[in-house]
Structure formats: C-alpha cells, structure tokens
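Chemist: Quick mapping for you: the protein sequence lines, in order, are chains A and B.
Note that our numbering has the first sequence beginning at 1, numbered continuously upward.
Note that our numbering has the second sequence beginning at 163, numbered continuously upward.
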Amino acid sequence: MIDRHITYTSVFIVVALGLLTAVPPILPRRVVEPFSELGVLGPNMKLGDYPRELSVGEQFELFLYNGNHESRVIYYRTVVKVSDRSTNVSDTEPLNAQVIYSYDVVLADGQNATTPVILSLSEAGLNRRLVFELHKYDSGEGDFVYSGEWLQIWLNVTSPTS
Amino acid sequence: MRKHSLLSRNQYMLRFYLILSFIIIVFVITPYNVSSQQYPEELQETLTDAFEAVEDAEKKGGDILLLVDELNRIINLLESGSEYEVTEVRSELGELKQAALTSGELGYVDSTSAQLRAGAILVVTVVVAYLIWKYMPILVWQLWMRSRREWIVYPR
C-alpha cells in the first residue's frame, strides 16, 4: 500500500506545482470594487485646515488629491465650482454652477497625484460653497463624464471695503 | 427737430443697453459643460486620441507607465499657461500615440506568449502526472527491493 500513498502524494505535488506556475499569469486581475479618490487638502497639506474667511480676490492655496483604483488607466478632470446654499449637489448630476478652475491628470491603476492649486473668488457672500467635482473621460462617449465624487468647502467671502 | 434728435439718441441708448443685457444674460445663464475645451479644440482632440491609444495599449497588456508620465507632462505644459507651439505639442502627442500602439503590440505578443507558456506547462504537468501514476508503484517496489537486497528469506 505504500506505493499507492507515494504515487498519490507525488501526483498531487506535481499537479499543484503545475497549476500554481501556469495559471496566475494568465488569470485576469480581480478587482473587488473599483473606485477613484478625490481629496482636498488645506495649505499645510492636511485635511481640515481650510480657509474659512476670505476677501474678494484674495488668493488661497489648496491641494487636490486624485487616486486611481479602477484597475485601468483613467483620464481625470477635477473641476472647481462656486455656488451657494441654493443649489444642490448630487452623486448623479454635476452642479450647474460657475467653474473657476479645472485640472486634468492621467493616472494608471494604483497611481495618485497631489497638485497645488491657487484659487481666488471674485464675488463676496456668506456661506459661499466651493465644490470640487471629479469627471472621468469616457472613450465610448468621447467626452468627460461626471463620476459622482464631489467635495465642498464653505467660505465666507467679504468685499475688501467691508 | 431737436426733440426728435433727443428721442433718437434715447432709442439708440435703449437698444444698446438691451443688446448688452441680452449678451450678459446669455453669458451668465449658459450652463457650464465640463467637456468645454480647456485647450485649443484640435489639441484637446489629439490629447484624448493619445489617451485612447494608451488605454488600448493597456487593454492589450502593454506597459503604459512611461506613456502616462509623458501624457501628464504634456497636460502640465498646456495647463501651465506657458507658451508652447501647437504644432510641436501635436507632434509630441502623435509620437506618444505611435509609442502607445507599439506598446500595445508588444503587450499583445507578451500576453500571447504567456498564454502559450501556461498551456505548455499544463500539458507537461498532465504528462508528468500520468507517468507518475503509471510507473511510480513499480519504481517504489523496485527501490524497496533494491534497498533490501541483502535480506534472506527463510521458509516457515
């Protein structure tokens, strides 16, 4: 009976080694949940240290963070819009508001980019909303499509005379 | 006569302000479309064409990291506001597209050869497993007998 035990064990080892060597390189990479990242960092590259009070025309610096975990290369466009409380932002429809800045970057899977941006607002007002939206280029449509990722910062913008 | 000329001037000013208001209103209420061109239209198209070529190269298994870096360098150049020659940028994007096509072809060849290699390994595995299954018991007993060559067997 020892011959059978040795045969079974040897066959098992050979088949296991063969499968482990041959199969992984040809299997497509499995992505559980593809996602993109959009982040806004304050002037010190930290979350939360955003400016709150600004005057019209005053320049302030923020950092835009984009990350790609979609398992494919993506052409991102981050747009910055200015609005107020009256408009709604949703995960399905981009905000219909004035665009003050736009930034493009192409990222391969697993890559990320942090980019400094200098912005200024031209209109005074309380509770002004700075909305950051992420759009992705869709080759099928030949256009940028809203990805549903968005962030916002609330600002009080005062006129220089007040 | 004087009154008539005053009226004409007022009418002219009214018309001017109406047209100006119309232009301002149209400009303000037109919703922003994110696809609006950031760069000259022809460059935007060439840029997206180059990106699509990179995308295809990746689908075919090509190495795209250098192509992505080059694409971002060109995008940064366009966004920086510094002066650039449109023809030069277009030519660079054309070269990038060509490099993406080459990368895609190489990736396709690599992935095909990887599949062939995997197939060959599986075939060899099956053959080796069959040979073991067929000849291992004989081999084991031959080894067993060889290791006990000096044994002397006595009848009971």
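Even for Gly, the Cβ is constructed at its ideal location relative to N, Cα and C.
Quick check on ASP84 of chain A: does DSSP put it in helix, strand or coil?
Modeler: coil
Chemist: For the pair the region 90 to 103 of chain A and the region 9 to 25 of chain A, tell me if three or more CB-CB distances fall below 8 Å.
Modeler: no
Chemist: Nearest by alpha-carbon distance to ARG30 of chain A: which of A:LYS46, A:ARG72, A:ASP143 and A:ILE2 is it?
Modeler: A:ARG72
Chemist: According to DSSP, is ILE226 of chain B helix, strand or coil?
Modeler: coil
Chemist: Is PRO25 of chain A close to chain B? Criterion is C-beta to C-beta, closer than 7 Å.
Modeler: yes
Chemist: What do you reckon, are the CB atoms on ASN234 of chain B and VAL99 of chain A nearer than 7 Å?
Modeler: no
Chemist: Mind checking whether ALA291 of chain B and VAL11 of chain A have CB atoms under 7 Å apart?
Modeler: yes
Chemist: Run down chain A in chain order and give the residues with a C-beta less than 8 Å from the C-beta of ILE237 of chain B.
Modeler: ASP104, VAL105 and VAL106
Chemist: Below 7 Å CB to CB, which residues in the same chain sit around GLU58 of chain A once its five sequence neighbours on both sides are set aside?
Modeler: SER120
Chemist: Kindly say whether VAL315 of chain B, judged by its beta-carbon, lies nearer than 7 Å to any beta-carbon of chain A.
Modeler: no
Chemist: Buried or exposed for GLY110 of chain A, please, with buried defined as at least 16 other CB atoms from any protein chain shown within 10 angstroms of its CB.
Modeler: Exposed: under 16 other Cβ atoms inside 10 Å.
Chemist: Hey, does GLY110 of chain A have any beta-carbon neighbour from chain B nearer than 7 Å?
Modeler: no
Chemist: Assign ASN238 of chain B to one of two classes, buried (16 or more other C-beta atoms within 10 Å of its C-beta) or exposed (fewer than that).
Modeler: exposed
Chemist: Is there a Cβ from chain B that is less than 7 Å from the Cβ of GLY18 of chain A?
Modeler: yes
Chemist: Among the residues of its own chain, which have a CB less than 7 Å from the CB of ASP211 of chain B, if the five just before and after it don't count?
Modeler: LYS259
Chemist: With respect to the beta strand (DSSP E) encompassing LEU151 of chain A, which residues constitute its N-terminal and C-terminal limits?
Modeler: 143 to 158
Chemist: Roughly how many angstroms separate the alpha carbons of GLY224 of chain B and PRO34 of chain A, rounded to a whole number?
Modeler: 21 Å
Chemist: Throw me the rounded Cβ distance for the GLU217 of chain B and SER139 of chain A pair, which I believe falls under 8 Å.
Modeler: 6 Å
Chemist: Taking C-beta pairs closer than 9 Å, name the residues in chain B that ARG72 of chain A reaches, listed in chain order.
Modeler: Under the 9 Å cutoff, chain B gives GLU217, GLU220 and LYS221.
Chemist: What residue does the alpha helix (DSSP H) around ASP218 of chain B start on, and which one ends it?
Modeler: 203 to 221
Chemist: Would you identify the three-state DSSP class for ARG4 of chain A, choosing helix, strand or coil?
Modeler: helix
Chemist: Let me see if you follow: with CB-CB separation under 7 Å, is ILE118 of chain A close to chain B or not?
Modeler: Cβ-Cβ to chain B under 7 Å: no for ILE118 of chain A.
Chemist: Among residues of its own chain, excluding the 5 on either side of TYR75 of chain A, which ones have a beta-carbon nearer than 6 Å to its beta-carbon?
Modeler: VAL106 and TYR137
Chemist: What residues from chain B crowd round ARG4 of chain A, counting only those whose CB sits closer than 8 Å?
Modeler: PRO299
Chemist: For GLY281 of chain B and LEU268 of chain B, I'd like the C-alpha separation in whole angstroms.
Modeler: 20 Å
Chemist: Give the range of the beta strand (DSSP E) segment to which PRO94 of chain A is assigned.
Modeler: Premise fails: PRO94 of chain A is in no beta strand (DSSP E) and is neither H nor E.
Chemist: Among B:GLU203, B:TRP313 and B:ILE181, which residue has its Cα nearest to the Cα of ASP252 of chain B?
Modeler: It is Arg, not Asp, that sits at residue 252 of chain B in the sequence shown. When only C-alpha atoms are compared, the closest one is B:GLU203.
Chemist: Look up THR78 of chain A in the DSSP assignment and give the residues it is bridged to.
Modeler: A:TYR103 and A:LEU134
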